[in-house]
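Each remark here refers to the structure printed beneath this line.
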Amino acid sequence: MSVEKLQFQAETKRLLDLVVNSIYTNKEIFLRELISNASDALDKLRIESLTNKNLEGDEEPEIFIVPDAATKTITISDNGIGMTRDEVISNIGTIAKSGTKDFLDKIREASGSAAQELIGQFGVGFYSAFIVAEKVELITRKAGTAQAVKWTSSGAGEYELEDSEKDSCGTIIILHLKPEFCGDDEYNFTDVYEIERLVKKYSDFVRYPIKMNFEVKGKEEDEPTIEIRTVNSMKPLWTRNKSEITREEYDEFFKQQLHEWEAPLEIFHVKAEGTVEYTALLCIPKHAAYNLYYTDYEAGLQLYSRHVFIMDKCKDFLPEYLRFAKGLVDSPDLPLNISREILQQSYEVKVIGKALEKNIQRQLGKLLKDDRDKYEEFWREFGKSIKLGVYNSMFDTKLKDSLKDLLLFQTSHEGKLSTLAEYVERMPDFQKKIYVAPGKDAAAIEHLPQMEILRERGLEVIYLTDPVDEFTIQVLKSYAEKEFQSITREEFELDDAESQKVKAEIEEIAKTREDLLKDVKEAIGEPVKEVRLTSRLKSGAVCLVTGEGGPSLSMEKTFEAMNNPLFKATQILELNPNHAVFKKLEALHEQGKDSQAFKDLCTTLYSLALLIEGVMPQNPADLANKVTDLLTR
Ligand code: ADP
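Mapping to numbering that gives the first Met the number 0: the sequence shown position 537 is 536, numbers consecutive.
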């Protein structure tokens with residue numbers, strides 16, 4: 000077949016552009032990426048051949064690297080699974096990951112180290128070859144097929160495909176290096192010893208031998224002979240003694256093993272020899288994957304049995320809320336050819352999973368205690384997951400109990416993150432409930448008119464700024480036997496003597512204003528369930544609160560965003576009888592409840608109360624007209 004020219008998918012083109020005009024500062028990582036792919040291909044062949052005996056399998060699995068100064072190339076080959084022509088097109092010419100476009104847009108907006116961080120999370124894998132190569136050739140033959148195919152590209156818009164020949168299955172990748180990587184400059188990727196060093200540095204734990212040719216001086220003077228040596232130790236890191244492993248070794252291991260760009264935030268290395276024997280090496284990445292909360296995010300751990308890889312992305316170990324944890328489990332109690340279905344039922348997997356979950360909870364608790372800064376770093380990336388864990392623990396009191404002390408919330412106390420225990424610790428004796436307030440962000444909550452009185456009394460409020468926060472609090476119900484109370488809900492009241500006195504006074508006033516309140520309600524109509532006087536405002540004129548049972552206004556918005564407009568908040572409009580505008584309202588009311596001036600004031604007050612809550616009134620233009628009218632009068 001002749002040479003066929005094909006275009007890269009648009010997203011691939013843009014990604015390649017980024018790689019070629021390298022925003023990568025570390026030029027060495029291409030080797031790690033290509034070795035990882037080779038190692039994965041060897042895993043796949045081994046697993047395939049468990050069920051398909053026809054696959055060529057007499058060759059020992061290996062990865063071979065040949066740097067060559069004469070041709071300015073470096074060649075990486077494996078005798079793994081290989082690819083068919085179609086697979087080459089779909090794996091190498093396209094990026095299947097969803098969210099790629101959004102991701103690329105984000106990168107374009109970021110710059111420098113922020114952009115690097117982003118691209119690191121995305122992982123460019125094979126394309127990293129173009130960091131160092133001006134042309135890449137890939138010759139591959141799928142196990143069980145006879146026809147090889149050759150793919151060539153210079154990383155610009157297109158690539159070429161043609162039929163090729165190859166003796167056995169596997170993949171050969173030839174990088175034609177850019178001149179600056181051939182020794183003229185800082186790097187020399189054509190040098191055997193340089194490459195040996197990099198393999199040891201980045202790929203020492205790869206489970207298959209990585210071999211290279213070394214020239215050895217023969218006895219007869221200048222007749223050098225070639226000796227093939229395995230460069231990597233192949234010893235799985237997790238089988239070594241914890242005390243002998245340095246943090247650098249762990250870091251490199253995770254980068255290599257999990258195709259991670261940066262070192263993890265926390266590492267868990269657990270060995271157990273109870274009813275089920277296992278070793279687990281897990282980590283919490285430094286940054287949440289860009290698609291962690293998308294359905295296409297593939298959570299799960301790698302599974303090994305007696306150090307032999309069984310499968311990737313095994314979801315059955317960790318619960319949903321710990322989906323951000325990565326790593327592997329190695330257990331001799333699991334059979335080598337276990338299927339995903341059997342795994343789900345497996346007693347061993349359940350035992351290991353439970354133990355790992357407990358372990359992670361415990362370690363997080365310890366981190367919170369011992370290294371607050373690091374825990375907060377963790378929280379910013381993965382706090383949402385823990386909150387979802389609480390939300391999902393609706394029927395699991397034990398889980399709820401083990402997660403509640405891992406929660407952090409921003410509060411009005413110096414604007415810092417606080418645990419619930421810390422909040423309770425600061426509560427004055429008379430305060431019976433834990434005060435919370437939902438809102439778009441801290442500033443929006445601080446501007447709520449209800450906050451004034453709390454500020455004045457020195458009472459602390461927990462800010463619920465993430466939509467999931469309110470749901471989390473609802474599931475928790477209470478902490479340390481203190482109920483949560485939203486300051487924007489109907490029932491809220493302050494417990495101190497002073498506030499109780501003010502409240503009683505206002506209730507007295509309310510008794511004499513029943514007609515007025517009824518007429519205000521009538522003037523506003525449907526949206527509000529009740530209009531009443533309030534003791535929760537100081538200088539503010541109005542506020543909108545919601546009924547105790549249903550959703551709050553911000554929950555209503557969340558439901559709306561999820562296309563679930565059924566859940567409506569019950570709105571209650573509260574008026575401050577000590578405010579001048581209330582006197583005005585009374586005066587207009589006396590002139591007649593049907594007067595336009597009275598009605599206008601009522602609806603304007605309601606619209607303003609909505610605005611304070613960050614809700615757009617039904618008819619903003621009408622509100623604008625009324626306000627300008629008032630201002631000019
Ligand atoms: P990733 O490894 O994250 O999937 P890559 O861009 O590195 O992304 O590779 C894309 C795909 O190309 C791989 O998932 C694999 O299917 C295929 N591939 C890459 N290198 C090899 C190889 N050496 N042998 C077989 N398939 C490979």
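Idealized CB from N, CA, C, for every residue including glycine.
Closest residue to residue i among the options (Cα-Cα distance)
{"i": "Val19", "options": "Glu133, Gly124, Lys100", "result": "Glu133"}
{"i": "Glu272", "options": "Ser38, Asp329, Glu297", "result": "Asp329"}
{"i": "Lys177", "options": "Ser153, Glu157, Val191", "result": "Ser153"}
{"i": "Gly352", "options": "Tyr296, Leu281, Ser384, Asp295", "result": "Leu281"}
{"i": "Leu17", "options": "Ser167, Asp372, Gly156", "result": "Gly156"}
{"i": "Gln6", "options": "Asp67, Ser89, Glu612, Asn391", "result": "Ser89"}
{"i": "Asp315", "options": "Val348, His286, Asn358, Ile337", "result": "Val348"}
{"i": "Glu243", "options": "Pro223, His268, Val230", "result": "His268"}
{"i": "Ile508", "options": "Glu529, Glu492, Ser534", "result": "Ser534"}
{"i": "Thr83", "options": "Asn391, Gln146, Glu47, Met554", "result": "Gln146"}
{"i": "Asn231", "options": "Gln255, Thr224, Ile225, Asp250", "result": "Gln255"}
{"i": "Lys657", "options": "Thr464, Asp428, Glu513", "result": "Here the chain has residues from 0 to 632 only, and residue 657 is not among them."}
{"i": "Asp104", "options": "Asp85, Tyr462, Arg13, Ala37", "result": "Arg13"}
First and last residue of the uninterrupted alpha helix (DSSP H) at residue i
{"i": "Asn90", "result": "84-91"}
{"i": "Pro466", "result": "466-475"}
{"i": "Trp378", "result": "371-391"}
{"i": "Gln344", "result": "339-344"}
{"i": "Thr545", "result": "From DSSP, Thr545 is part of no alpha helix (DSSP H) but of the beta strand (DSSP E) over 541-545."}
{"i": "Leu552", "result": "552-560"}
{"i": "Ile452", "result": "450-455"}
First through last residue of the beta strand (DSSP E) which encompasses residue i
{"i": "Gly326", "result": "325-329"}
{"i": "Lys314", "result": "Premise fails: Lys314 is in no beta strand (DSSP E) and is neither H nor E."}
{"i": "Gln484", "result": "481-485"}
{"i": "Tyr434", "result": "433-437"}
{"i": "Phe4", "result": "For clarity, residue 4 is Lys in the given sequence; the question names Phe instead. Start and end: 3-6."}
{"i": "Asp599", "result": "Looking at the DSSP string, Asp599 is not in any beta strand (DSSP E); the run it does join, the alpha helix (DSSP H), is 595-611."}
{"i": "Ser163", "result": "157-163"}
Residues that residue i bridges to, as DSSP identifies them
{"i": "Gly169", "result": "Arg140"}
{"i": "Pro66", "result": "Ile73"}
{"i": "Phe643", "result": "Past the boundaries of the shown model lies residue 643; the chain is included only from 0 to 632, so the question cannot be answered."}
{"i": "Ser417", "result": "Phe408"}
{"i": "Glu265", "result": "Ile283"}
{"i": "Glu272", "result": "Glu276"}
{"i": "Glu226", "result": "Phe213"}
{"i": "Lys134", "result": "His175"}
{"i": "Ile461", "result": "Thr410, Val435"}
{"i": "Asn187", "result": "Cys181"}
{"i": "Thr498", "result": "In the sequence as presented, Thr is not what sits at residue 498; that position holds Ser. DSSP lists no partner for Ser498."}
{"i": "Val307", "result": "Ser304"}
{"i": "Leu574", "result": "Leu532, Val541"}
Buried versus exposed, by CB contacts within 10 Å (16 or more), residue i
{"i": "His446", "result": "exposed"}
{"i": "Gly438", "result": "buried"}
{"i": "Asn51", "result": "exposed"}
{"i": "Val215", "result": "exposed"}
{"i": "Pro526", "result": "exposed"}
{"i": "Tyr192", "result": "exposed"}
{"i": "Leu629", "result": "exposed"}
{"i": "Ile444", "result": "buried"}
{"i": "Ala324", "result": "buried"}
{"i": "Leu475", "result": "buried"}
{"i": "Ala420", "result": "exposed"}
{"i": "Gly217", "result": "exposed"}
{"i": "Gln617", "result": "exposed"}
{"i": "Met615", "result": "exposed"}
{"i": "Ala579", "result": "exposed"}
{"i": "Ala496", "result": "exposed"}
{"i": "Asn575", "result": "buried"}
Backbone secondary structure at residue i - three-state DSSP
{"i": "Ala298", "result": "coil"}
{"i": "Pro619", "result": "helix"}
{"i": "Asn36", "result": "helix"}
{"i": "Ala579", "result": "helix"}
{"i": "Lys149", "result": "strand"}
{"i": "Arg531", "result": "strand"}
{"i": "Arg488", "result": "strand"}
{"i": "Ile523", "result": "helix"}
{"i": "Tyr478", "result": "strand"}
{"i": "Trp237", "result": "helix"}
{"i": "Asp332", "result": "coil"}
{"i": "Asn20", "result": "coil"}
{"i": "Asp440", "result": "coil"}
{"i": "Gly81", "result": "coil"}
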